[in-house]
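Below, the structure written as structure tokens:
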């Protein structure tokens, strides 16, 4: 029996791998190089203790951005031994300042750890994973120090557990009763941070990512504890979050009298807002053949821009857009007249966006119940309106005039084409209005219009 090939389905979100980060940086495909340079310049200007918040809406590439910063700082610090990249001309001005080489980045994903009761436990664990042993001051017994700190945290919360046996420090005394105050905890953490920083480094940068996705109670504990404990002369804290979303979450838990935005401002010194990634730039970064000037590409770009599409939304739409565009791009066209290619070049991109953002309206369209939502969405694309007007003029074999290109005429034309595709009755008055003369819209690619995917 012949073996059957298996298709591997991968998660759609872009993983911040070293290869993806370097590619985005080298090509500046996400147009974030200015943001990166500006953020690095600010790191050189501030005097710790200092706290930033990288603020951007959910799904707009905050994690990718802070991972880029982490990756660059590791690459620039010779003590870390990573030597990932040659930044050279990319950040020439910054490289002239030798202080840029003296940072140690530590990354912590808050959302992935919000099942813990106390944020400090997973936060400390992330320190050990962030820096290799070769970069640590070997005169300090790091496992023992972490054991002392965790026992101190447990003591603060009145949890009668001693975790010394989880390390190799079985011959050390019980520290559970010795570190019951936050002042002592802060001293121990200061010692730990100092021990984890390579000897040539000056500062540790703690990136706390995905704070807006955490449970609100965990987010508040994390904010309050990091503010109380990590106000150290060699630590810069960088929160990555959507401040608006996080403030709304806090208000939802603590009531309308709780002013979330004002509360959050207590925890950072400077807010750094990311520039928006344009949809077509991101799709091109993902691997779409972006033929700017092609109506399909221009229309879908304008509509995704209108919908303020996030990177996560674009990840979910990418395969569908690429497959359909490549299919119609290579499919033979028996006419180059705008009206005859209008369904696949102008209407399909509208339907793709409609199906993702307005699934209930899309259901009404494909069932032939109502087509009004198609024009409602499409009217936000200038390129679509240009294609539509050209098609109306061709169909009527008339010079453009105000009545011919009125809002009603445009809407009627779109309804007629949709009725032909999704109802298929040539005697439907809406269909008769657009099927004139030599223009008979053949229902080619019927499966594509009904399923918005290309069949294998």
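In our numbering, the protein residues as written are 9 to 464. C-beta atoms are modelled at their ideal positions from N, C-alpha and C, and glycine is treated no differently.
Buried versus exposed call for residue i [16 or more other C-beta atoms within 10 Å across all chains shown]
i, result
"residue 210", "exposed"
"residue 338", "exposed"
"residue 218", "buried"
"residue 212", "buried"
"residue 371", "exposed"
"residue 234", "buried"
"residue 379", "buried"
"residue 278", "exposed"
"residue 40", "buried"
"residue 264", "exposed"
"residue 52", "exposed"
"residue 127", "buried"
"residue 249", "buried"
"residue 35", "exposed"
"residue 416", "exposed"
Nearest-angstrom Cβ-Cβ length linking residue i and residue j, presumed shorter than 8 Å
i, j, result
"residue 360", "residue 325", "7 Å"
"residue 71", "residue 318", "Wrong, their Cβ atoms sit about 12 Å apart, outside the cutoff."
"residue 358", "residue 321", "Rounded, the Cβ-Cβ distance is 16 Å, inconsistent with contact."
"residue 122", "residue 226", "4 Å"
"residue 118", "residue 44", "Contact doesn't hold; Cβ gap of about 22 Å is too wide."
"residue 84", "residue 108", "6 Å"
"residue 421", "residue 401", "Not confirmed; about 11 Å, so no contact."
Residue i, DSSP secondary structure in three states
i, result
"residue 33", "helix"
"residue 457", "helix"
"residue 278", "strand"
"residue 407", "coil"
"residue 242", "coil"
"residue 266", "coil"
"residue 249", "strand"
"residue 122", "coil"
"residue 218", "coil"
"residue 228", "helix"
"residue 379", "coil"
"residue 213", "strand"
"residue 61", "strand"
"residue 443", "coil"
"residue 8", "Outside the displayed range of the chain (9 to 464) lies residue 8, so it cannot be described from this structure."
"residue 316", "coil"
Under 8 Å between C-beta atoms of residue i and residue j
i, j, result
"residue 56", "residue 244", "yes"
"residue 290", "residue 38", "yes"
"residue 431", "residue 376", "yes"
"residue 62", "residue 280", "yes"
"residue 269", "residue 255", "yes"
"residue 224", "residue 252", "no"
"residue 332", "residue 362", "no"
"residue 198", "residue 240", "yes"
"residue 59", "residue 275", "yes"
"residue 288", "residue 246", "no"
"residue 398", "residue 311", "no"
"residue 396", "residue 454", "no"
"residue 391", "residue 303", "yes"
"residue 66", "residue 220", "yes"
Selection from the options that minimises the alpha carbon distance to residue i
i, options, result
"residue 405", "221, 388, 347, 108", "347"
"residue 292", "391, 43, 327", "327"
"residue 403", "440, 369, 309", "440"
"residue 273", "287, 430, 231, 303", "231"
"residue 334", "281, 352, 222", "352"
"residue 427", "229, 382, 250, 40", "382"
"residue 48", "32, 423, 349, 106", "106"
"residue 116", "84, 74, 88, 296", "74"
"residue 112", "118, 132, 82", "82"
"residue 77", "288, 29, 364", "29"
"residue 425", "314, 374, 367", "374"
"residue 80", "120, 345, 31, 394", "31"
"residue 195", "216, 461, 242, 312", "242"
"residue 46", "395, 330, 283, 396", "283"
"residue 114", "296, 271, 238", "238"
"residue 297", "313, 336, 271", "336"
"residue 459", "400, 329, 433", "329"
"residue 222", "314, 124, 33", "124"
"residue 394", "301, 25, 33, 236", "301"
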